[in-house]
Structure formats: C-alpha cells, structure tokens
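Heads up: the structure comes next, in structure tokens.
Number of protein chains: 2
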Amino acid sequence: MSQTPTFTLVGAGLGGALMAIYLGREGYPVDVFERRADPQSGRIDAGRSINLAISVRGIEALRGVGLAEDVLRRAVPMRGRMIHPMEGGLTFQPYGVRADQAINSISRAALNVTLIEAARALPNVRLHFDHKCTGINPETGQAQFLNTQTQQHVESRPGVVVGADGAFSAVRAALQRLDRFDFSQSYLAHGYKELCIPPNPDGSHRIEANALHIWPRKSFMMIALPNLEGSFTCTLFWAHEGANSAAEVRTDDEVRCFFERMFPDAVPLMPTLLEDFRCNPNPSLVTVRCAPWHHLGKVVLLGDAAHAVVPFYGQGANCAFEDCPVLLDCIRRHAPNMEAAFQEYTVRRKRNADALADLAIGNFLEMRDKTGSKMFRLKKRGEKALHKLLGSAYLPLYSMVSFSTIPYADAVDRARMQNRRLLLASAILAVGAALLATWVI
Amino acid sequence: MSQTPTFTLVGAGLGGALMAIYLGREGYPVDVFERRADPQSGRIDAGRSINLAISVRGIEALRGVGLAEDVLRRAVPMRGRMIHPMEGGLTFQPYGVRADQAINSISRAALNVTLIEAARALPNVRLHFDHKCTGINPETGQAQFLNTQTQQHVESRPGVVVGADGAFSAVRAALQRLDRFDFSQSYLAHGYKELCIPPNPDGSHRIEANALHIWPRKSFMMIALPNLEGSFTCTLFWAHEGANSAAEVRTDDEVRCFFERMFPDAVPLMPTLLEDFRCNPNPSLVTVRCAPWHHLGKVVLLGDAAHAVVPFYGQGANCAFEDCPVLLDCIRRHAPNMEAAFQEYTVRRKRNADALADLAIGNFLEMRDKTGSKMFRLKKRGEKALHKLLGSAYLPLYSMVSFSTIPYADAVDRARMQNRRLLLASAILAVGAALLATWVI
Numbered sequence: 413m414s415q416t417p418t419f420t421l422v423g424a425g426l427g428g429a430l431m432a433i434y435l436g437r438e439g440y441p442v443d444v445f446e447r448r449a450d451p452q453s454g455r456i457d458a459g460r461s462i463n464l465a466i467s468v469r470g471i472e473a474l475r476g477v478g479l480a481e482d483v484l485r486r487a488v489p490m491r492g493r494m495i496h497p498m499e500g501g502l503t504f505q506p507y508g509v510r511a512d513q514a515i516n517s518i519s520r521a522a523l524n525v526t527l528i529e530a531a532r533a534l535p536n537v538r539l540h541f542d543h544k545c546t547g548i549n550p551e552t553g554q555a556q557f558l559n560t561q562t563q564q565h566v567e568s569r570p571g572v573v574v575g576a577d578g579a580f581s582a583v584r585a586a587l588q589r590l591d592r593f594d595f596s597q598s599y600l601a602h603g604y605k606e607l608c609i610p611p612n613p614d615g616s617h618r619i620e621a622n623a624l625h626i627w628p629r630k631s632f633m634m635i636a637l638p639n640l641e642g643s644f645t646c647t648l649f650w651a652h653e654g655a656n657s658a659a660e661v662r663t664d665d666e667v668r669c670f671f672e673r674m675f676p677d678a679v680p681l682m683p684t685l686l687e688d689f690r691c692n693p694n695p696s697l698v699t700v701r702c703a704p705w706h707h708l709g710k711v712v713l714l715g716d717a718a719h720a721v722v723p724f725y726g727q728g729a730n731c732a733f734e735d736c737p738v739l740l741d742c743i744r745r746h747a748p749n750m751e752a753a754f755q756e757y758t759v760r761r762k763r764n765a766d767a768l769a770d771l772a773i774g775n776f777l778e779m780r781d782k783t784g785s786k787m788f789r790l791k792k793r794g795e796k797a798l799h800k801l802l803g804s805a806y807l808p809l810y811s812m813v814s815f816s817t818i819p820y821a822d823a824v825d826r827a828r829m830q831n832r833r834l835l836l837a838s839a840i841l842a843v844g845a846a847l848l849a850t851w852v853i
Numbered sequence: 413m414s415q416t417p418t419f420t421l422v423g424a425g426l427g428g429a430l431m432a433i434y435l436g437r438e439g440y441p442v443d444v445f446e447r448r449a450d451p452q453s454g455r456i457d458a459g460r461s462i463n464l465a466i467s468v469r470g471i472e473a474l475r476g477v478g479l480a481e482d483v484l485r486r487a488v489p490m491r492g493r494m495i496h497p498m499e500g501g502l503t504f505q506p507y508g509v510r511a512d513q514a515i516n517s518i519s520r521a522a523l524n525v526t527l528i529e530a531a532r533a534l535p536n537v538r539l540h541f542d543h544k545c546t547g548i549n550p551e552t553g554q555a556q557f558l559n560t561q562t563q564q565h566v567e568s569r570p571g572v573v574v575g576a577d578g579a580f581s582a583v584r585a586a587l588q589r590l591d592r593f594d595f596s597q598s599y600l601a602h603g604y605k606e607l608c609i610p611p612n613p614d615g616s617h618r619i620e621a622n623a624l625h626i627w628p629r630k631s632f633m634m635i636a637l638p639n640l641e642g643s644f645t646c647t648l649f650w651a652h653e654g655a656n657s658a659a660e661v662r663t664d665d666e667v668r669c670f671f672e673r674m675f676p677d678a679v680p681l682m683p684t685l686l687e688d689f690r691c692n693p694n695p696s697l698v699t700v701r702c703a704p705w706h707h708l709g710k711v712v713l714l715g716d717a718a719h720a721v722v723p724f725y726g727q728g729a730n731c732a733f734e735d736c737p738v739l740l741d742c743i744r745r746h747a748p749n750m751e752a753a754f755q756e757y758t759v760r761r762k763r764n765a766d767a768l769a770d771l772a773i774g775n776f777l778e779m780r781d782k783t784g785s786k787m788f789r790l791k792k793r794g795e796k797a798l799h800k801l802l803g804s805a806y807l808p809l810y811s812m813v814s815f816s817t818i819p820y821a822d823a824v825d826r827a828r829m830q831n832r833r834l835l836l837a838s839a840i841l842a843v844g845a846a847l848l849a850t851w852v853i
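Line by line, the protein sequences give chains A and B.
Its first residue numbered 413, the first sequence is counted upward by one per residue in our numbering.
Its first residue numbered 413, the second sequence is counted upward by one per residue in our numbering.
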C-alpha cells in the first residue's frame with residue numbers, strides 16, 4: 413500500500429492536468445479535483461486569459477507523454493516580434509538565431525481541453541469537476557472539497573496532495589499557516605485588458621499571422637497573439653493608476669480617443685473594441701514565491717501555486733509543464749520516500765522558478781519600452797552575429813530561455829558569464845589596438 | 413455621525429492598547445477586542461516573550477499619553493552590552509555616546525498591563541477579552557469575533573477596523589485576499605528558547621543589572637535581560653537545523669553538555685536550565701512586510717500586523733508605539749477623510765518599518781558574531797571618538813536608532829552619508845600626507 417499512494421491533484425489547469433497524465437501513466441491512482449466545470453459540460457468560463465506561447469520546454473514536457481504533436485497542431489508558430497511604432501511602419505525582429513525557431517501561440521482553453529481529455533483516457537485517473545478546495549490535512553495528505561453543484565462536502569483519500577491550483581492556491585494558503593513557510597505575493601503596478609482582432613471575412617488573419625505583434629509605448633503596451641481560426645487575442649498592459657492608465661481611460665469616448673492616439677493602425681482592425689473594453693475586467697499581475705514547496709511527504713506544490721510569474725517572457729505555462737517530468741523523476745528516484753522526492757524536486761526547481769520570476773519582470777520593460785528603439789534592434793542583431801561567429805560559445809539569453817532546456821537559473825548565469833567575457837575581449841582588443849597604433853606611429 | 417466613527421481595535425497587545433489610549437483620549441468611541449484573557453482574570457498566558465528594550469521612540473510615544481514615567485518605573489536601564497566570551501573575562505560596551513544613555517528592560521506582560529489599565533480607565537474605551545477575530549468586512553469597517561468563553565459570534569459596530577493583532581494578524585489575512593495587496597513573510601533559519609537566571613536569595617541580581625548580557629558564539633548566541641525583581645530573562649537564539657542547533661541538542665544530557673561547553677560561566681547561574689529547556693517551546697522568527705497598510709478608509713494595520721521584525725535591534729515594540737502618535741496625527745489632519753489619513757500614515761511609516769526590518773536582521777549578525785571581536789570594539793570606540801570630535805555631524809547609527817526619534821529610514825541614509833564623507837576625508841588626508849612626505853623628502 414505504501415508503495416502506491418493515491419495522488420490527490422488539486423486543480424486541472426495546465427500543470428495539474430499534465431501532472432495527472434504523468435502520474436497516471438506511471439500507474440499511480442490519481443484523483444483530480446477542479447473548481448471549474450467539466451469542459452465537456454458546455455458550462456465554460458469566459459476566460460480572462462492571455463494566449464500562451466508554448467516553446468521548447470513546454471513541448472519537451474508534452475513530448476514526454478506523447479502530446480507534443482497534438483498540441484502543436486492547434487498552435488500558430490510565431491517566428492518573431494512585429495513592432496508597431498506610433499508613427500506607423502512595421503519592423504520584424506526574429507526570435508531565434510535560426511529562421512525555423514518559433515514560439516507557438518495557442519489558446520489556454522484549447523490546450524487545457526487536450527490535456528484533460530488525455531488524462532480522462534487513463535483508467536487510473538478520476539476527474540472530479542465543480543469541486544472547490546476548502547482545506548487540506550497536511551498530516552494525512554488529504555484535501556477537503558465542496559461540490560459546488562450538490563453543496564456536499566467531500567474528502568479525498570489519504571496519500572499525497574499535489575497543489576496545482578494556481579496563483580491563489582488554496583493548498584498553498586494552508587501551508588502558509590504552518591511554521592516557517594516563506595511566502596511572498598507581489599503585484600505589478602500594471603494590469604491588463606483583453607481585446608480582440610477578428611479574422612477577415614474569408615477567415616484569414618488581418619495582420620501577419622506568424623508573429624507576436626507589439627505596440628510598445630514605453631510605460632504601457634498592447635500585444636496581439638494569433639489564433640488558428642484567423643483572429644488575434646490582444647492584450648493591453650497598462651498601469652492601474654496615473655497617466656495613460658485604467659483609472660484615466662474609462663468611458664467609450666476616452667477609450668476611442670486613447671486608442672486612436674496611441675494605436676492608430678490597430679483601431680481599424682478592432683471593430684468590437686468598445687464592447688470588448690466594456691465587458692472585460694482589468695485583472696492584476698502577481699508574482700508569487702514561496703518555500704518550501706512541500707510539507708513532509710504529504711503535500712507538494714506545482715506550477716503557479718508554487719511560482720506564479722508575470723506573463724512577459726511567455727514562460728509561465730512552459731515552466732509549470734517543466735515541473736511535471738522533474739517531479740515524476742524525483743518520485744521515481746526516491747519512492748516510496750516521498751519526502752526525499754519532494755525535497756529534491758524543490759532543490760531542482762525553486763532556483764529556476766526564482767530566476768524566471770526576475771526574467772519575466774525584466775522582459776516587461778524590454779517589450780513595452782526597448783523593443784521600440786533602434787539601439788535594441790542593433791543589440792539583437794549584434795547578438796545574432798556573435799552567435800554566428802562563436803557558435804554555442806555565445807547564445808543570446810532569449811534563445812537559452814525560449815529555445816533550449818538549459819535550466820533558467822543556469823541560462824541567467826551563462827548570459828552573465830558571456831557578457832563578462834565579451835567585455836574582457838573588447839578590453840583586450842582595445843588595448844591591443846592602442847599598442848599597435850603606438851607601434852605604427 | 414461620520415465625524416466620529418467607531419474604532420474597532422483588533423488586539424490589545426502593546427500597539428493595540430496604546431492606540432486605544434490615543435484614540436480614546438481624542439474622544440473617539442473605541443472597542444478593543446483581544447483573543448487572550450483579561451489580565452485581571454488571572455488566566456494569564458505563560459509567555460514565550462523576549463524581554464523588551466524600550467528606548468527613546470517608545471518613551472516619547474508613551475509620554476504622549478502621560479505614561480512614560482509609569483512604565484520607566486517598572487524597567488531596568490541597560491547602559492551597554494556585557495560580552496561573555498567563551499574563554500571567560502567580561503567586557504562592557506556602552507550603548508550610547510553619553511554615559512546616561514540607556515535602553516530599558518521591561519517584561520512584555522508588565523508593560524501590557526500598564527497600557528490595558530490606562531485604556532480601561534477611559535470612559536469611551538470598551539475592552540472585550542476572550543474574543544478571537546474570525547474575519548472582517550473591509551467595506552463596512554466591521555470585524556467578526558468568536559467569544560471563546562461563550563462560543564457566541566459577535567460583530568463590531570461599523571466604522572474603522574484597526575488591525576493591531578500581531579505578526580499573524582487575522583485582519584491582514586483578510587486584506588491579503590483583496591486585489592493588489594503585496595505581502596511577504598520570511599523566516600530566519602534561527603529560532604529561540606527562553607531560559608532564566610533567577611535572583612540571588614536576597615533578591616539581588618546575580619550578574620550586572622544595568623547591562624544586556626550577550627554570549628556571542630558566531631552562528632548562535634544567548635542574551636540575558638534584567639528584570640526588576642532580580643532575575644534575568646535569557647534567550648538562546650540558534651538555528652533550527654545543522655551544527656549547534658535545536659535539532660541537534662535535545663536530551664537533558666545534550667543540553668547540559670552543550671551549555672557547559674558553550675556557556676560555561678552561565679551554567680552555575682541557571683539552576684532550572686534543564687526544566688526550562690524542556691518546558692519552553694522553540695518558536696520561529698519572522699519578518700512580515702505588506703502594502704498598502706490600509707483599505708479604503710475602513711481598515712488600517714498597526715505594529716507587528718503591518719511590519720513584524722526580528723527582535724535583534726530591540727525596536728519592534730518601539731516601532732509599534734511610534735506608529736500610534738503618527739496615525740493619530742494623520743487622523744487629526746484629515747478627519748473625517750479616513751482614507752487620506754491612512755494613506756499619509758502609510759507613506760510616513762512604511763519606509764521606516766522597511767528600514768527597521770533590514771536593520772534588525774543585520775543586527776543579529778552583529779550581536780552573535782561581531783560583538784565578540786576586538787575589531788568591533790575598536791570600531792565602536794572610533795565611532796564614539798568621532799562623535800566627540802564632530803558633535804552632531806557624526807552620530808553612530810546605533811545611537812540614531814536607539815537614542816533619537818530620527819525616522820529609521822533617515823537614520824540609515826544619514827549613516828551611509830557619514831561613512832561616505834569619512835571615506836572621502838580619509839582619502840584626502842592620505843593624499844595630503846603623501847604630498848607632505850614627498851615635500852619633506
């Protein structure tokens with residue numbers, strides 16, 4: 413019995429559903445409890461969801477359970493950033509150092525349904541929708557739920573609770589009350605508003621499909637990610653308060669005026685702008701860090717519940733996906749000692765999640781401000797040239813994050829090292845040139 | 413009515429009780445709800461409480477309601493640190509730059525009772541003990557309580573909720589669930605064990621009464637603070653795990669052996685060491701930061717609920733006390749606009765609480781490690797000499813924190829500036845000396 417504990421997965425979002433598949437394929441009995449309705453029921457949450465950009469890390473994790481091709485078929489590859497300056501005229505900045513490198517735009521809902529159906533197909537995975545987590549017992553590894561359809565309270569079987577219930581995790585909230593649990597939640601001054609560019613009448617994309625479109629405006633920005641059926645999901649990221657903020661731009665007139673001034677080339681593409689603006693909320697953006705990610709061998713956190721990040725590196729879901737094979741690997745190496753497994757999992761993943769959190773905040777500044785500048789484009793070209801010259805001895809940070817599985821923290825360290833070496837090489841070259849000049853004169 | 417809202421104070425600890433007095437004297441109707449029993453009932457919590465060191469900031473805040481003399485009468489002045497090296501031999505390091513400067517050791521319970529009785533004496537302050545806060549309504553400014561004696565649920569009158577309910581504040585936990593509330597709780601790797609040095613049979617102190625005794629041992633330390641009745645409250649601060657930690661030293665034999673090796677001069681003074689060690693818990697030490705400290709004009713946080721710090725600068729209670737006159741001042745300036753009042757209060761206090769949090773963590777290293785070194789004593793003497801030479805142009809940081817009401821953040825800035833100037837002056841002197849030497853040669 414102790415060899416095969418029951419896993420109670422709280423949350424059937426991206427990380428939770430993929431972990432259910434990993435654990436289910438490994439033969440563990442898995443109960444998945446999800447607050448929202450079964451997507452099969454038709455009662456679907458109208459999402460406030462930035463489109464996802466799945467890249468190598470996510471693809472590798474999906475490949476581990478044979479789902480990579482399935483998912484990529486539903487995605488639109490984006491090979492670079494298409495910059496929309498205020499004064500008009502587009503510039504394209506490739507993401508990769510190779511032309512075939514792309515990140516893949518997919519709707520969160522489509523991806524989630526693919527995962528849920530793959531989990532449902534496993535005989536030892538049981539899915540329970542409309543179950544809201546109300547608490548956990550960290551000693552027995554059980555979770556309590558309210559069935560929101562029947563109003564009945566149920567408790568999961570003893571075993572292991574996997575908290576995959578997102579940035580506002582109920583499982584983590586229970587751990588937070590235990591002694592010596594470090595926790596922080598930190599909000600950006602910016603929130604976001606989801607908008608839409610519908611397809612052309614013939615179903616084609618109104619602007620370049622294979623790009624992530626950015627309207628960089630220094631203190632704020634709009635982005636647009638392509639959907640397979642010809643539309644784009646747009647997101648305006650802007651401050652909650654101050655100049656050009658959600659607090660300042662509220663009425664239809666203000667919205668129309670703001671968009672015509674700031675995004676003149678986008679307005680004709682957005683016929684439902686005012687309705688979308690009125691109907692959609694203006695959610696906040698939070699970074700969550702905590703430690704430890706587990707309690708004894710009974711509770712473990714995964715994905716946003718352990719490490720919610722802001723969306724600007726397009727790595728939140730990729731990072732949650734990456735957690736899953738690592739957690740399974742740790743369980744394999746240490747089972748039945750779950751405490752040792754979760755300890756190793758935390759050691760392997762926490763520093764990388766911390767590194768990603770910083771990267772994601774840093775990339776906001778880059779996207780909304782720097783992508784618009786000539787200096788930035790020059791720097792990107794320089795990076796690419798250096799990689800061509802030096803090969804794998806020089807990999808741009810963006811490539812390491814989006815097109816490799818080098819752990820995030822190692823990628824950051826390596827980028828720092830590369831820059832130091834570059835600086836040293838430049839200094840040596842400069843001194844050499846000066847000596848040569850002296851000698852020539 | 414809107415001119416005189418009812419204040420519901422959650423928590424009658426140090427900050428809560430003092431704030432009740434400030435608000436009560438101002439004429440506001442005040443309801444104070446406290447989880448613990450009325451001290452008059454005799455049902456007293458056996459404390460796990462480090463003795464407090466009240467210094468100028470706390471004294472000034474007490475003086476504002478006429479309680480300074482009352483409190484100081486119950487306290488023992490400590491004029492410096494008495495260092496107990498492992499190899500024996502004591503050294504005394506004065507705290508102040510003047511011989512009469514002292515911080516004042518007082519038991520938390522004695523101080524709290526003084527404040528509670530002063531609050532009780534006010535006709536418009538009502539005290540409700542045995543009431544545990546179960547939630548708040550942040551829109552109406554009401555709090556819900558469970559009367560732990562009768563098991564009845566009660567709700568406070570609408571108005572303003574002041575969360576003065578400590579590091580694990582229920583009021584703050586409710587705010588944490590609102591949008592855009594930044595929060596962090598961060599634990600030290602060290603916990604603490606309270607111990608005791610009883611008085612001599614004649615009631616006198618067994619070691620120097622007017623000092624804070626420190627046994628610095630690099631990775632851990634013991635301290636002892638004098639009580640009026642001849643005893644000392646000792647606190648061993650040590651790691652939860654690793655070498656010389658709570659995890660390693662557990663049995664009577666291990667405890668005896670550890671103390672005889674590490675604190676040989678203290679063991680003969682501690683006849684109840686083994687019993688104390690067995691009976692007392694090994695609590696953790698947490699730093700709490702959050703923002704904003706208020707919600708609309710309905711909820712505001714105070715003391716540890718807003719900014720719990722580790723105890724190593726002896727400033728936690730002083731800082732909570734300092735909150736009270738500032739909060740009242742802000743209310744006076746903006747009433748009946750409580751939102752503006754709480755906003756100003758947050759602006760004035762948060763940066764100082766943040767500065768203190770860092771100072772307190774830094775001072776742990778100083779106390780447990782550096783106070784034992786000759787270099788440190790030399791530095792302290794140098795600081796004193798500089799102050800004598802330069803007067804108010806050079807004030808040691810410790811003096812600014814403990815013997816002035818310069819806001820904490822300003823004190824830190826000023827110390828940084830002083831050090832920069834000192835460095836510059838030394839450089840100029842060195843260059844001057846070199847030039848002089850060249851000229852002489």
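Virtual Cβ for every residue (Gly too), placed ideally from N, Cα, C.
Between which two residues does the alpha helix (DSSP H) harbouring A:Leu464 extend?
From DSSP, A:Leu464 is part of no alpha helix (DSSP H) but of the beta strand (DSSP E) over 464-466.
Extract the residue ranges of the beta strand (DSSP E) inside the segment 612-685 of chain A, only unbroken runs of 3 or more that lie entirely within it.
You should have 624-628, 633-638, 644-651.
Looking at the strands, I want to know which residues DSSP matches up with B:Glu567.
Answer by DSSP bridge pairing, in chain order: B:Gln556.
Is the CB of A:Tyr599 under 8 Å away from at least one CB in chain B?
At least one chain B Cβ lies under 8 Å of A:Tyr599.
Between the beta-carbon of B:Val566 and the beta-carbon of B:Val573, is there less than 8 Å?
No, the Cβ-Cβ distance between B:Val566 and B:Val573 is not below 8 Å.
Can the beta-carbon of A:Ala651 be found closer than 8 Å to that of A:Val721?
No; because the gap between Cβ atoms is not below 8 Å, this pair is not in contact.
Assuming A:Arg780 contacts A:Phe632 (C-beta within less than 8 Å), just tell me the rounded distance between them.
That pair is a contact at about 6 Å.
With 7 Å as the C-beta to C-beta threshold (strictly closer), list the residues of the segment 577-603 of chain A near chain B in chain order.
So the list reads Asp591, Arg592, Asp594, Phe595, Ser596, Gln597, Ser598, Tyr599, given in the order they occur along the chain.
Buried or exposed: where does A:Glu551 fall if 16 or more other Cβ atoms within 10 Å of its Cβ makes it buried?
So A:Glu551 ends up on the exposed side.
Measuring CA to CA, which of A:Arg455, A:Asn831, A:Glu734 is closest to A:Gln561?
The shortest Cα separation from A:Gln561 among A:Arg455, A:Asn831, A:Glu734 belongs to A:Arg455.
Using a beta-carbon distance cut-off of less than 7 Å, what residues from the segment 677-701 of chain B approach chain A?
Those would be Ser696, in chain order.
So that I know if they touch, is there some Cβ in chain E lying closer than 8 Å to that of A:Ile818?
Absent here is chain E; the protein component of the structure consists of chains A and B.
Does A:Gln353 come out as helix, strand or coil in the three-state DSSP assignment?
No statement about residue 353 of chain A is possible, as the shown extent of chain A runs from 413 to 853 and does not include it.
Between which two residues does the beta strand (DSSP E) harbouring B:Val422 extend?
Where B:Val422 is concerned, the enclosing beta strand (DSSP E) stretches over 418-422.
What do you reckon, are the CB atoms on A:Asn463 and A:Leu637 nearer than 8 Å?
In contact: A:Asn463 and A:Leu637 (Cβ atoms closer than 8 Å).
Take the Cβ of B:Val422 as the centre, count every other Cβ of all protein chains shown within 10 Å, and call the residue buried at 16 or more, exposed below.
Buried, because 16 or more other Cβ atoms sit within 10 Å of the Cβ of B:Val422.
Hey, A:Leu714 and A:Gly575 are a contact pair by Cβ (cut 8 Å); roughly how many whole angstroms apart?
The Cβ separation is near 7 Å, so the contact holds.
Are the segment 465-473 of chain B and the segment 511-519 of chain B in contact at 8 Å, needing three or more beta carbon pairs?
These segments touch.
Would you please verify whether the beta carbon of B:Met413 is less than 8 Å from any beta carbon of chain A?
Reliability of the predicted coordinates at B:Met413 is poor, the pLDDT of 42 falling under 50, and the value obtained from them is presented with this limitation in mind. Judged by the 8 Å Cβ criterion, B:Met413 is not in contact with chain A.
Confirm, please, whether the CB-CB distance from A:Phe580 to A:Phe445 is below 8 Å.
Their beta carbons are not under 8 Å apart, which means A:Phe445 does not touch A:Phe580 by this criterion.
Drop a sphere of 10 angstroms on the beta-carbon of A:Ser811, count the other beta-carbons inside from all chains shown, and report buried for 16 or more, exposed for fewer.
Classification for A:Ser811: buried.
What would DSSP say about B:Thr699, mapped onto helix, strand or coil?
Correct three-state label for B:Thr699: strand.
Would you kindly work out how many angstroms separate the C-alpha atoms of A:Ile626 and A:Cys669, rounded to a whole number?
If I take the Cα positions, the gap works out to 20 Å.
List the endpoints of the continuous alpha helix (DSSP H) containing A:Ile433.
Counting along the chain, the alpha helix (DSSP H) containing A:Ile433 begins and ends at 426-437.
Report the option in A:Phe541, A:Gly436, A:His496, A:Cys646 whose CA atom is closest to the CA atom of A:Cys608.
Of the candidates A:Phe541, A:Gly436, A:His496, A:Cys646, the one whose C-alpha sits nearest the C-alpha of A:Cys608 is A:Cys646.
Can you have a look at B:Ala653 and say buried or exposed, based on whether 16 or more other CB atoms are within 10 angstroms of its CB?
It should be pointed out that residue 653 of chain B corresponds to Glu in this sequence rather than to Ala. Exposed: under 16 other Cβ atoms inside 10 Å.
Across which residues does DSSP place A:Gln505 in a beta bridge pair?
A:Arg493, per the DSSP bridge assignment.
Quick test of your reading: B:Leu686 and B:Arg618, contact by CB under 8 Å. State the CB separation rounded to the nearest angstrom.
Incorrect: roughly 18 Å between the Cβ atoms, too far for contact.
Going by DSSP in three states, A:Ala530 sits in which element: helix, strand or coil?
A:Ala530: helix per DSSP, three-state reduction.
If I measure Cβ to Cβ from A:Gly436 and keep anything under 7 Å in the same chain, skipping five residues before and after, which residues do I get?
So the qualifying residues of the chain are Val442, Ala531, Leu534, Asn536, Val537.
Cα-Cα, which of A:Gly500, A:Thr526, A:Arg510 is closest to A:Gly427?
Taking only the C-alpha atoms, the option nearest A:Gly427 is A:Thr526.
Taking Cβ positions only, does B:Val422 come closer than 8 Å to chain A?
For B:Val422, the answer is no, since every Cβ of chain A falls outside 8 Å of its Cβ.
How many Å lie between B:Ser568 and A:Phe788 at the Cα?
Using only the alpha carbons, I get a separation of about 58 Å.
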